[in-house]
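Presented below is the structure to which this report refers.
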Amino acid sequence: MADSPIQQIIFNKITFHLKRDDLLSTDFSGNKARKFHYLLTRDFQHITAIHSYGSLQSNAMASLSVLAKMRGWRFYYYTRANDSFEPKGNLAKALANGMIMRDIQEWPWERELMSQLIVKETDLYIPEGGRFPEARKGIEILAKELLEWGVDGKRVFLPSGTGTTALYLQKALFGKAEVATVPCVGDEEYLKKQFASLEPDAKYWPNVLNPPKKYRFGRLYKELFGLWEELCRQSGVEFDLLYDPVGFATLIYHGLLDGDLLYVHQGGILGNETMLERYKQKLDKIAQTKQG
Ligand SMILES: *Cc1c(COP(=O)(O)O)cnc(C)c1O
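Count along the sequence shown starting at 1, add 592, and that's the number in our numbering.
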């Protein structure tokens, strides 16, 4: 996984820079390649299995399945499967990589409970979405690449899930460049709680921008799909459908899509397959209703 390129992109006649972490690896979602760098490179001779939990189409799940396969670890994934699910997208990929899926009926599966269960020295527990202090190492490499390119004085922006990436990136760029983000999962309060769990000193936290309206994570919004299509068409780059449309809607809303922007493309393209299918169904239905 070598240094990813930074390109100039034009969208709505505005030129900005794009860090192409989506090109880091075809196997790992770009963001997870950074967050799991530590798991990929450190010597873990005593480990034989890893455990994590989360949703059925998680990018972290797919990336961990690749990692486990590469390192010869068993991978247990705790999730709540529905009755009639068909393995597609990220789930199909993870199962093909040998992931062992454990259906849990209670949700949310408490992180604390999980760490109590996994006390064996040969087992490693990775919190949902890779929200763990070990993620810092890989994100520091991203910061180093940005600094070498000349990010000083620019505004770095990336949409957040757990906020782990944005937080450690701001910490590594502190005093050099400002990092801003938008909460895509939960609201501003949730995101700040996540920051606080990893870094008590708020001076290192990224600037949190609110989206133009409340979008529920993973829900479909016609206007976000339209924005995504335009963005991909004009830039010639495929963006992800879960985080990036919220990211760009937020930048436009706050008038921050400008020449000072460096946007981090965090990958996630593998998840587009299932999102596109869902959008197609939704938009077909709307078209039918309009006709009828
Ligand atoms: C995981 C992921 C994120 C969120 O990263 P956090 O560190 O949890 O905020 C954003 N974009 C993509 C494509 C991801 O896979």
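We treat Cβ as the ideally placed atom computed from N, Cα and C, and that holds for glycine. Because the structure is a prediction, the values reported are computed rather than measured.
Quiz item: Would H609 be called buried (16 or more neighbouring beta carbons within 10 Å of its own) or exposed?
Solution: Translated into positions along the sequence shown, residue 609 becomes position 17. H609 is buried by the Cβ-count criterion.
Quiz item: Roughly how many angstroms lie between the CA atoms of Y630 and F620, to the nearest whole one?
Solution: Counted from its first residue, the sequence shown places residue 630 at position 38. Counted from its first residue, the sequence shown places residue 620 at position 28. C-alpha separation (whole angstroms): 14 Å.
Quiz item: Is the Cβ-Cβ distance between F667 and G646 less than 9 Å?
Solution: Position 75 of the sequence shown, counting from 1, holds the residue named residue 667. Position 54 of the sequence shown, counting from 1, holds the residue named residue 646. For F667 and G646, no; Cβs fall outside 9 Å.
Quiz item: Tell me which same chain residues have a C-beta within less than 6 Å of the C-beta of G622, skipping the five on either side of it?
Solution: Within the sequence shown, numbered from 1, the residue matching residue 622 stands at position 30. Counting only Cβ-Cβ distances below 6 Å, and skipping sequence neighbours, we find D613, D614, L616, Q858 and G859.
Self-check item: Same chain, Cβ closer than 6 Å to L648, neighbours up to 5 away in sequence not counted
Solution: To locate residue 648, count along the sequence shown from 1; it is residue 56. The residues are T671 and L683.
Exercise. At 3 residues or longer, and completely inside the segment 764-828: list those beta strand (DSSP E) runs for me, N to C.
Key: 770-773
Quiz item: Hey, is S644 close to ligand 2, as in C-beta under 8 Å from one of its heavy atoms?
Solution: This structure simply doesn't include ligand 2; it includes ligand 1 instead.
Exercise. Have a look at G664, E815, P837 and G778 and flag the residue whose alpha-carbon is nearest the alpha-carbon of I639.
Key: The count along the sequence shown starts at 1 and reaches residue 639 at position 47. Checked all of G664, E815, P837 and G778; the closest Cα to I639 is G664.
Quiz item: So is T881 buried or exposed if we call it buried at 16+ other beta carbons inside 10 Å?
Solution: On the sequence shown, position 289 is the one that residue 881 refers to. It is exposed - the Cβ of T881 has fewer than 16 other Cβ atoms within 10 Å.
Quiz item: Can you tell me where the alpha helix (DSSP H) with D836 in it begins and where it stops?
Solution: As a first step, residue 836 must be located in the sequence shown, where it is residue number 244. Start and end: D836 to Y845.
Exercise. Could you have a look at R626 and say whether DSSP puts it in helix, strand or coil?
Key: Translated into positions along the sequence shown, residue 626 becomes position 34. Of the three classes helix, strand and coil, the one that applies to R626 here is helix, per DSSP.
Quiz item: On the three-pair Cβ rule with 8 Å, is the segment 789-808 touching the segment 817-836?
Solution: no
Exercise. Jot down the residue ranges of each uninterrupted alpha helix (DSSP H) in the segment 712-772, minimum 4 residues, whole runs only, in chain order.
Key: 728-741 and 756-765
Quiz item: Any chance the segment 712-727 sits against the segment 751-767, with 3 or more Cβ pairs inside 8 Å?
Solution: yes
Quiz item: Mind checking whether the beta-carbon of L623 lies closer than 8 Å to any heavy atom of ligand 1?
Solution: Locating residue 623 in the sequence shown gives position 31, counting from the first residue. At residue 623 the sequence reads Asn, which differs from the Leu that was named. N623 Cβ: within cutoff of ligand 1.
Quiz item: Is T754 near ligand 1, in the sense that its beta carbon is under 8 Å from a heavy atom of that ligand?
Solution: On the sequence shown, position 162 is the one that residue 754 refers to. Answer for T754: yes, Cβ within range of ligand 1.
Practice problem: Give the range of the alpha helix (DSSP H) segment to which K882 is assigned. | Solution: For the purposes of this step, residue 882 is identified with residue 290 of the sequence shown, where counting begins at 1. First-last of the alpha helix (DSSP H) with K882: N864 to Q883.
Exercise. Indicate whether D779 and K806 have their beta-carbon atoms separated by less than 9 Å.
Key: As a first step, residue 779 is located in the sequence shown; it is residue number 187 there, counting from the start. As a first step, residue 806 is located in the sequence shown; it is residue number 214 there, counting from the start. Yes, these two residues count as a Cβ contact at 9 Å.
Quiz item: Going by Cα to Cα distance, which pick from S596, A594, T618 and I602 is closest to L862?
Solution: Looking up residue 862 in the sequence shown gives position 270. For L862, the nearest C-alpha among the options comes from T618.
Quiz item: Is the beta carbon of L783 sitting closer than 9 Å to the one on L765?
Solution: For this step, residue 783 is matched to residue 191 along the sequence shown. For this step, residue 765 is matched to residue 173 along the sequence shown. Cβ distance not < 9 Å, so L783 and L765 don't count as in contact.
Exercise. Kindly examine ligand 1 and report whether one of its heavy atoms sits closer than 8 Å to the Cβ of C824.
Key: Counting from 1 along the sequence shown, the entry for residue 824 is found at position 232. Answer for C824: no, Cβ out of range of ligand 1.
Practice problem: Excluding the 5 residues preceding and the 5 following S752 in the sequence, name in chain order all residues of the same chain whose CB lies nearer than 7 Å to its CB. | Solution: As a first step, residue 752 is located in the sequence shown; it is residue number 160 there, counting from the start. A758, T773, V774, P775, C776 and L783, listed in sequence order.
Exercise. Report all residues from its chain with a CB closer than 6 Å to the CB of A727; omit the five preceding and five following residues, and keep chain order.
Key: Along the sequence shown, read from residue 1 onward, the residue named residue 727 stands at position 135. Only K627 and T756 meet the Cβ criterion.
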